[in-house]
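Numbering (our numbering), first residue to last: 9 to 257.
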Ligand SMILES: NC(=O)c1ccc[n+]([C@@H]2O[C@H](COP(=O)([O-])OP(=O)(O)OC[C@H]3O[C@@H](n4cnc5c(N)ncnc54)[C@H](OP(=O)(O)O)[C@@H]3O)[C@@H](O)[C@H]2O)c1
């Protein structure tokens, strides 16, 4: 039998409108999951949903703003009935608001913590209830090697990403007996529009720190998510899988 199939599962991916989240959504759909694409940009989500459906997959665009914690429970209850039983949650949405500590405003700090950490907490709390009831669930959160190593200019982002790891380990302990796992994927530098736009000297400096000698691909992050979402990973919980070409060892 083919491994890592996700037929019959419904997945919800936050931040699915571009980058790593888009790659995750495409991969989950290719493995047979029905995928709810969730973020703020409904136009992009709808276009991606159409593309996935045209390729024979199943996808639904659903507007969700992680920065509005109070609205999240209502927005999740607004999912159509036949999409409401989410068995795979991928907490991927994330923002940065970089600055050195001495000049970092409270607003910069709060914006990153709100979206990356508080939003993830609320979505996970809401969707884990059904997972516990159904005795099956997979929660995968996208952190960063920065959450493990720190990064000058990203104290807010590193705090949020490290927070996701502590959050996940606690959730893993709480939910394991219900057959719900919670794990983290920690990407290193990933080839995205953002890293593509970097100056050549900056790119070269970053590359020098990566033993594999190249940036990662969004699809390589998605492959780790597929594994953790699969039945084959049922006994893996509370773990951090670094997908960083050895940047963090
Ligand atoms: N790229 C890297 O090198 C790298 C490395 C390590 C970790 N990561 C992490 O991987 C994840 C994805 O990164 P990426 O590079 O693909 O980022 P990206 O291209 O900037 O995409 C971020 C995604 O998050 C969504 N998002 C932002 N704010 C949101 C909000 N308030 N509510 C809902 N969705 C929101 C965006 O969708 P909308 O604009 O449609 O809302 C977008 O789809 C992030 O958590 C990031 O921290 C990235």
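Ideal Cβ placement from N, Cα and C applies to all residues, glycine included. Predicted model only: the values in this text are computed from it and were never measured.
1) In the structure shown, what three-state DSSP assignment does residue 116 receive?
2) Contact check, residue 17 vs residue 95 under 8 Å by CB: the rounded distance?
3) Whose C-alpha, out of 252, 256, 235, is nearest the C-alpha of residue 10?
4) Bridge partners for residue 198 per DSSP, in chain order?
5) Is DSSP giving residue 66 helix, strand or coil here?
6) Using the beta-carbon count (16 or more within 10 Å), is residue 219 buried or exposed?
7) Jot down the residue ranges of each uninterrupted beta strand (DSSP E) in the region 21 to 93, minimum 3 residues, whole runs only, in chain order.
8) Determine the contact status of residue 50 and residue 66, defining contact as a CB-CB distance below 8 Å.
9) Between which residues of its own chain and residue 169 is the CB-CB distance below 6 Å, once the five residues before and five after are set aside?
10) Label residue 25 either buried or exposed according to how many other C-beta atoms from any shown protein chain fall within 10 Å of its C-beta, with 16 as the threshold for buried.
11) What separation, rounded to the nearest whole angstrom, lies between the Cα atoms of residue 185 and residue 74?
12) At which residues does the alpha helix (DSSP H) containing residue 127 begin and terminate?
13) Using a threshold of 8 Å, state whether the C-beta atoms of residue 145 and residue 109 are closer than that.
14) Note down, in chain order, each residue of its chain lying with its Cβ closer than 6 Å to the Cβ of residue 117, except the 5 sequence neighbours on either side.
15) Quick check: what's the CA-CA separation for residue 35 versus residue 230?
Put simply:
1) In the chain shown, the residue the question calls residue 116 occupies position 108. Looking at residue 116 - three-state DSSP - the assignment turns out to be helix.
2) Within the chain shown, numbered from 1, the residue matching residue 17 stands at position 9. Within the chain shown, numbered from 1, the residue matching residue 95 stands at position 87. With a Cβ gap of about 5 Å, residue 17 and residue 95 count as contacting.
3) On the chain shown, position 2 is the one that residue 10 refers to. Among 252, 256, 235, the Cα nearest to that of residue 10 is on 235.
4) For this step, residue 198 is matched to residue 190 along the chain shown. Its beta-bridge partners are 224.
5) Along the chain shown, read from residue 1 onward, the residue named residue 66 stands at position 58. Reduced to three states, the DSSP call for residue 66 is strand.
6) As a first step, residue 219 must be located in the chain shown, where it is residue number 211. When all chains shown are included, residue 219 counts as exposed.
7) Within the region 21 to 93, complete beta strand (DSSP E) segments of at least 3 residues are found at 42 to 47, 66 to 71, given in chain order.
8) Counting from one through the chain shown, the residue named residue 50 turns up at place 42. Counting from one through the chain shown, the residue named residue 66 turns up at place 58. No.
9) Residue numbering aside, residue 169 sits at position 161 when the chain shown is read from its first letter. When the five nearest sequence neighbours on each side are left out, the beta carbons in the same chain lying within less than 6 Å of the beta carbon of residue 169 are those of 151, 152, 154, 155, in order along the chain.
10) Counted from its first residue, the chain shown places residue 25 at position 17. Residue 25 counts as buried, since at least 16 other C-beta atoms from the protein chains shown sit within 10 angstroms of its C-beta.
11) Here residue 185 refers to the residue found at position 177 when the chain shown is read from its first residue. Here residue 74 refers to the residue found at position 66 when the chain shown is read from its first residue. The straight-line gap from Cα to Cα measures roughly 28 Å.
12) Here residue 127 is taken as the residue at index 119 of the chain shown, counted from 1. For residue 127, the enclosing alpha helix (DSSP H) starts and ends at 127 to 142.
13) Residue numbering aside, residue 145 sits at position 137 when the chain shown is read from its first letter. Residue numbering aside, residue 109 sits at position 101 when the chain shown is read from its first letter. Contact: no.
14) Position 109 of the chain shown holds residue 117. Around residue 117: 164.
15) Here residue 35 refers to the residue found at position 27 when the chain shown is read from its first residue. Here residue 230 refers to the residue found at position 222 when the chain shown is read from its first residue. Cα to Cα, residue 35 sits roughly 6 Å from residue 230.
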